[in-house]
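Trainee:
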Amino acid sequence: MSTTLTLVQGDITRLRVDALVNAANSSLLGGGGVDGAIHRRGGPEILAACRALRASRYGEGLPTGHAVATTAGRLDARWVIHTVGPVFSADEDRSHLLASCHREALRVADELGARSVAFPAISTGVYGWPLDDAARIAVDTVRATSTEVEEIIFVLFDERAHEAFAARVG
Ligand code: ADP
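See the structure below:
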């Protein structure tokens, strides 16, 4: 089965897909940016599910580069797949962690049986990753990952992010 890769500019919380990926932080208890938008529109059920994860499997928080699914609450999706991107560092190459976010999110999507998955530009907001490099890692990683997901959609919030991803997708 081949996977199609598409780009959309806009708000990821407006998409109708099987699973939305959230650029969460390791507390899983909400934050700003795309995380805040997902919790706001998805409602309290998502936070309740995250709290339950903190009380069970992820007492210390979700490690960077890992992914875990919850309900999508009131969003037009079945699941939110939370993953924690690395904070960009000019001194240390953390690319493998950003790649891992994409691979792990697709692995979780496969476990769930999700066929369409939307990703934001993980780590490119508060976590400071340069857009062109994040686009390279994100696009190359999903292309190199074997998955049952049929449709991968990168949802880019603004034109600059959309251009960076479009340049990489070609
Ligand atoms: P991180 O902490 O991983 O950097 P952010 O949420 O700060 O996460 O930013 C990640 C990316 O998500 C940024 O490119 C930001 O512009 C984008 N973003 C913010 N809100 C939304 C949204 N509602 N839909 C899609 N992308 C969003």
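The numbering used here applies: residue 1 is where the sequence shown begins, and numbers increase by one.
We put the CB at the ideal spot given by N, CA and C, even for glycine.
These numbers were taken from a predicted model, which means no experiment stands behind them.
(1) Between Asn25 and Gly85, what straight-line distance do the alpha-carbon atoms span, to the nearest angstrom?
(2) If contacts are defined as beta-carbon pairs under 8 Å, then Gly30 and Leu47 qualify, I think. What distance do you get, rounded to the angstrom?
(3) With DSSP run on the structure shown, which of helix, strand or coil describes Ile153?
(4) Below 9 Å between beta carbons: does that hold for Val87 and Ser116?
(5) By how many angstroms is the C-alpha of Phe165 removed from the C-alpha of Val5?
(6) Would Val126 pass as a contact of Gly61 if the rule is Cβ separation under 9 Å?
(7) Which word fits Ser100, buried or exposed, when buried means at least 16 other C-beta atoms lie within 10 angstroms of its C-beta?
(8) Among residues of its own chain, excluding the 5 on either side of Ile38, which ones have a beta-carbon nearer than 8 Å to its beta-carbon?
(9) Taking 9 Å as the cut-off, decide whether the C-beta atoms of Phe154 and Ala144 are in contact.
(10) Count the other CB atoms within 10 Å of the CB of Arg168; is the residue buried (16 or more) or exposed (fewer)?
(11) Rounded C-beta distance between Leu106 and Val149? I'm assuming under 8 Å.
Mentor: The relevant details are as follows:
(1) Walking along the sequence shown from the start, residue 25 turns up at place 25. Walking along the sequence shown from the start, residue 85 turns up at place 85. So the alpha carbons of these two residues sit roughly 8 Å apart.
(2) The residue you call residue 30 lines up with position 30 of the sequence shown. The residue you call residue 47 lines up with position 47 of the sequence shown. Going by Cβ atoms, the distance from Gly30 to Leu47 rounds to 6 Å, so yes, they are a contact pair.
(3) Position 153 of the sequence shown, counting from 1, holds the residue named residue 153. Looking at Ile153 - three-state DSSP - the assignment turns out to be strand.
(4) Residue mapping note: residue 87 aligns to position 87 of the sequence shown, counting from 1. Residue mapping note: residue 116 aligns to position 116 of the sequence shown, counting from 1. No, the pair does not count as a contact, with Cβ atoms beyond the cut-off.
(5) Taking the first residue of the sequence shown as position 1, residue 5 is located at position 5. Taking the first residue of the sequence shown as position 1, residue 165 is located at position 165. Inspection of the sequence shows that residue 5 is occupied by Leu rather than by Val. Cα to Cα, Leu5 sits roughly 11 Å from Phe165.
(6) The residue you call residue 126 lines up with position 126 of the sequence shown. The residue you call residue 61 lines up with position 61 of the sequence shown. No, they are not a contact pair.
(7) Sequence index remark: in the sequence shown, residue 100 carries index 100 (1-based). Ser100 is buried by the Cβ-count criterion.
(8) To locate residue 38, count along the sequence shown from 1; it is residue 38. Cβ neighbours of Ile38 beyond the five flanking positions: Ile12, Thr13, Leu20, Asn22, Ile46, Leu75 and Val80.
(9) Position 154 of the sequence shown, counting from 1, holds the residue named residue 154. Position 144 of the sequence shown, counting from 1, holds the residue named residue 144. No, these two residues do not count as a Cβ contact at 9 Å.
(10) Here residue 168 refers to the residue found at position 168 when the sequence shown is read from its first residue. Answer is buried; the Cβ neighbour count reaches 16.
(11) Here residue 106 is taken as the residue at index 106 of the sequence shown, counted from 1. Here residue 149 is taken as the residue at index 149 of the sequence shown, counted from 1. The Cβ separation is near 6 Å, so the contact holds.
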